[in-house]
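> One point on numbering: in UniProt numbering, the residue at position 348 of the sequence shown is 348, and numbering is uninterrupted.
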Amino acid sequence: MTLQSDTNLRLGIIADDDNFQQGLLKLQEQNGNVVISFYPEIESPNPSIRAKRIAQIPDYVFHLCDFIMIRLNPKDKLILSLEAPRSKCQLNFTNEQDVVFFLRFVSSNVKLIHTDCNPYVYLFAPIDDDYPKIFSSTVLPQTKPHANYAVFNPNNYPSLFLQAETDQNIFSEDDFQKLIDEEGKLSSEFPLILYNKNIDKSILNKIWENLVLPNFTSMTAEQQKETREENYQSYLQIKRIWKSATSRQWHYFVDLRDLVRDIENDLEKHDFLFSHFAHPKCVQKVAFEILLTLSYWRWDTALYVNNLVEFLMPILNGFIKDATIDKILTFKDEEVSIDEIESQIFWCFFNFYEKNNLFDSVHPEKQPIMTTLLNNVGDIINNYFPDIRQILDQKHVFSLDFLIEDCRTWFTQSFNKDEIQKLWISCLSFPDIARFFQTFIVAIIYSLTPKIEKMCVLSTKEFESEFSKIKKDNFDLNLFLRNALEIQEIMMTPPKNAL
Numbered sequence: 001m002t003l004q005s006d007t008n009l010r011l012g013i014i015a016d017d018d019n020f021q022q023g024l025l026k027l028q029e030q031n032g033n034v035v036i037s038f039y040p041e042i043e044s045p046n047p048s049i050r051a052k053r054i055a056q057i058p059d060y061v062f063h064l065c066d067f068i069m070i071r072l073n074p075k076d077k078l079i080l081s082l083e084a085p086r087s088k089c090q091l092n093f094t095n096e097q098d099v100v101f102f103l104r105f106v107s108s109n110v111k112l113i114h115t116d117c118n119p120y121v122y123l124f125a126p127i128d129d130d131y132p133k134i135f136s137s138t139v140l141p142q143t144k145p146h147a148n149y150a151v152f153n154p155n156n157y158p159s160l161f162l163q164a165e166t167d168q169n170i171f172s173e174d175d176f177q178k179l180i181d182e183e184g185k186l187s188s189e190f191p192l193i194l195y196n197k198n199i200d201k202s203i204l205n206k207i208w209e210n211l212v213l214p215n216f217t218s219m220t221a222e223q224q225k226e227t228r229e230e231n232y233q234s235y236l237q238i239k240r241i242w243k244s245a246t247s248r249q250w251h252y253f254v255d256l257r258d259l260v261r262d263i264e265n266d267l268e269k270h271d272f273l274f275s276h277f278a279h280p281k282c283v284q285k286v287a288f289e290i291l292l293t294l295s296y297w298r299w300d301t302a303l304y305v306n307n308l309v310e311f312l313m314p315i316l317n318g319f320i321k322d323a324t325i326d327k328i329l330t331f332k333d334e335e336v337s338i339d340e341i342e343s344q345i346f347w348c349f350f351n352f353y354e355k356n357n358l359f360d361s362v363h364p365e366k367q368p369i370m371t372t373l374l375n376n377v378g379d380i381i382n383n384y385f386p387d388i389r390q391i392l393d394q395k396h397v398f399s400l401d402f403l404i405e406d407c408r409t410w411f412t413q414s415f416n417k418d419e420i421q422k423l424w425i426s427c428l429s430f431p432d433i434a435r436f437f438q439t440f441i442v443a444i445i446y447s448l449t450p451k452i453e454k455m456c457v458l459s460t461k462e463f464e465s466e467f468s469k470i471k472k473d474n475f476d477l478n479l480f481l482r483n484a485l486e487i488q489e490i491m492m493t494p495p496k497n498a499l
């Protein structure tokens, strides 16, 4: 749900003077604050006309920062009040949709903190500066009254698991060869057959090429070889542009110097990503040249930003076992020229970057897509997992904002390097990539629900603290991936017991 910065609601109001008035409530976001203006209904100046009209000048103007809480009315769900130690404003809404909209609008500017001390009171707290304000509009839909207590019953979801199987699914080179027909093309089983598989490292380079390079799966072996050669020549030509910069050009091209400095600094900050190589500095140099070439080639849409190397590593780790000054060692223990492997990694990463809109993922100002993602997750939980939704409500979870930081790190930092590679390949193998992110998050929440249910928390803040503890020891990628695929199947049928 996208919230407008300026909206109107029809309602009644009781302000400090205790007079009840009908009229129009105008909500406006101005410089990070919410201005609430009330325009009363007034009688028409023409006695022959009975219709009322809205005044042009507001009777009351409030600022959200003047209040410290929202208090719900236990006897009437259409009434709530904004309160401060010395002031109070009661709002009488005409329908539930306006109440939900008002709460979503408020929660996009402040956090609503709920405690068991009074289940009808929500205290205001500032939104962390680290998160853009729009993220906090991920308010979950309202559930039934607070008194309804839910207990998690895994038998309601027989196709889902709470413990992963110990057997690991291995996808070997022989398995890959079975997918290739007489012409050298891949069968229709690809890529779904790769989902949640531990792939033999010797074929990871082929897997990545077939996953992300356009039309690669429909090419014969000879056509693929020709495409690699064309890509190789194109890469050398692109790379030559910045390689051939003279010392004079280097001196006057400040942006290029800044770009080189930014990439070098970020690679140094992420040196731990290269620690498993025998010659980490040599592999870092390969990563540097790939990232610099991409930035120089696509200055407007792929200019390097901090942490982009984290997205490169799953692909790079699929091509390089180790590197020396002038050679790269593959997982088949073959020594290949650096430029040749750089070219293959570059084109895989470029297409991966374009296909998955990484420009939107790595630029903070482009991340309002997180709001849509978490709102869709909330709808899935509400429609298909109503008992889990009520358990979250019991634990004071009225928004999925606590997942924002996790969503940023699950695909780059939360698992080891092999698991992150497996996660990305599974994502690209999923029937619907956009849906994968939603079902994966729901799978994590489902898998952690038994732990969440045992929490003894009195506020949203306490829940966030406890959740950060339980997730450290209970992150099982195999379990999450299995459940994500099953949840996709569950969503193919209409919800039965939605809230």
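Idealized CB from N, CA, C, for every residue including glycine.
Check this for me: beta carbons of residue 342 and residue 404, under 8 Å apart or not?
no
> Mark residue 209 as exposed unless 16 or more other C-beta atoms lie within 10 angstroms of its C-beta, in which case mark it buried.
buried
> Exposed or buried, what is residue 410 when buried is set at 16 or more other beta-carbons lying within 10 Å of its beta-carbon?
buried
> Give the secondary structure of residue 323 by DSSP, where H, G and I count as helix, E and B as strand, and everything else as coil.
strand
> Under 8 Å between the Cβ atoms of residue 345 and residue 315?
yes
> Which of helix, strand or coil does DSSP assign to residue 298?
coil
> Compare the Cα-Cα distances from residue 161 to each of 476, 105 and 274 and report the closest residue.
Restricting attention to 476, 105 and 274, the CA atom closest to the CA of residue 161 is found in 476.
> Would you kindly work out how many angstroms separate the C-alpha atoms of residue 263 and residue 26, rounded to a whole number?
So the alpha carbons of these two residues sit roughly 48 Å apart.
> Do residue 69 and residue 124 count as a contact pair if the criterion is CB distance below 8 Å?
In this structure, the beta-carbon distance from residue 124 to residue 69 falls below 8 Å.
> Are three or more beta carbon pairs between the region 190–197 and the region 224–242 nearer than 8 Å?
no
> Given a cut-off of 8 Å on the beta-carbon distance, is the pair residue 348 and residue 323 in contact?
No, Cβ-Cβ distance for residue 348 and residue 323 is not below 8 Å.
> Please say whether residue 382 and residue 443 have beta carbons closer to each other than 8 Å?
No.
> How many Å lie between residue 296 and residue 279 at the Cα?
26 Å
> DSSP has residue 30 in a bridge; who is on the other side?
33
> Would you mind working out which of 373, 429 and 380 sits nearest residue 408, comparing C-alpha positions?
373
> Short of 6 Å in beta carbon distance, which residues of its chain neighbour residue 72, apart from the five on each side in sequence? Order them along the chain.
80 and 120
> With distances taken Cα to Cα, identify the nearest neighbour of residue 286 among 340, 258, 238 and 256.
Out of 340, 258, 238 and 256, 340 has the C-alpha closest to the C-alpha of residue 286.
> Tell me where the alpha helix (DSSP H) around residue 265 begins and ends.
254–269
> Rounded to a whole number of angstroms, what is the C-alpha to C-alpha distance between residue 421 and residue 428?
Taking the CA atoms as reference points, residue 421 sits about 11 Å from residue 428.
> Can you tell me whether residue 335 is helix, strand or coil according to DSSP?
strand
> Less than 8 Å separating the beta-carbons of residue 388 and residue 425?
no
> Measuring CB to CB, does residue 259 end up less than 8 Å from residue 292?
yes
> Go ahead and pull the three-state DSSP assignment for residue 151.
coil
> So for residue 25, helix, strand or coil by DSSP?
strand
> Just list the alpha helix (DSSP H) runs in the region 450–493, keeping only unbroken ones of 4 residues or longer that don't cross its boundaries, in chain order.
460–473 and 477–490
> Check for me: the alpha helix (DSSP H) holding residue 225 runs from which residue to which?
That run of the alpha helix (DSSP H) goes 221–243.
> By the DSSP assignment, the alpha helix (DSSP H) with residue 6 in it spans what residues?
Annotation: residue 6 is outside any alpha helix (DSSP H); the continuous beta strand (DSSP E) that includes it extends over 6–14.
> Excluding sequence positions up to five away, which residues of its chain have a Cβ less than 6 Å from the Cβ of residue 110?
If we look at residue 110 and ignore the five residues flanking it on each side, its Cβ neighbours are 124.
> Curious, which full-length alpha helix (DSSP H) runs of at least 4 residues does the region 363–402 contain?
Fully enclosed alpha helix (DSSP H) runs of 4 or longer: 369–384 and 386–394.
> If we count Cβ pairs, one from each stretch, closer than 8 Å, do we get three or more for the region 173–183 versus the region 483–494?
Inter-segment contact for the region 173–183 and the region 483–494 is absent: fewer than three beta-carbon pairs are separated by less than 8 Å.
> Can you check which of these residues, 84, 157, 61 and 62, is closest to residue 496 by C-alpha distance?
157
> Are the CB atoms of residue 377 and residue 441 nearer to each other than 8 Å?
yes
> Using the DSSP secondary-structure output, state which residues sit across from residue 87 in a beta bridge.
84
> Could you pull the DSSP bridge partners for residue 40 from this structure?
In DSSP, residue 40 forms a bridge with 23.
> Have a look at residue 467 and residue 452 and give me their C-alpha separation to the nearest angstrom.
Cα to Cα, the separation comes out at about 7 Å.
> Among 198, 184 and 212, which one has its Cα closest to the Cα of residue 353?
Of the candidates 198, 184 and 212, the residue whose Cα lies closest to the Cα of residue 353 is 212.
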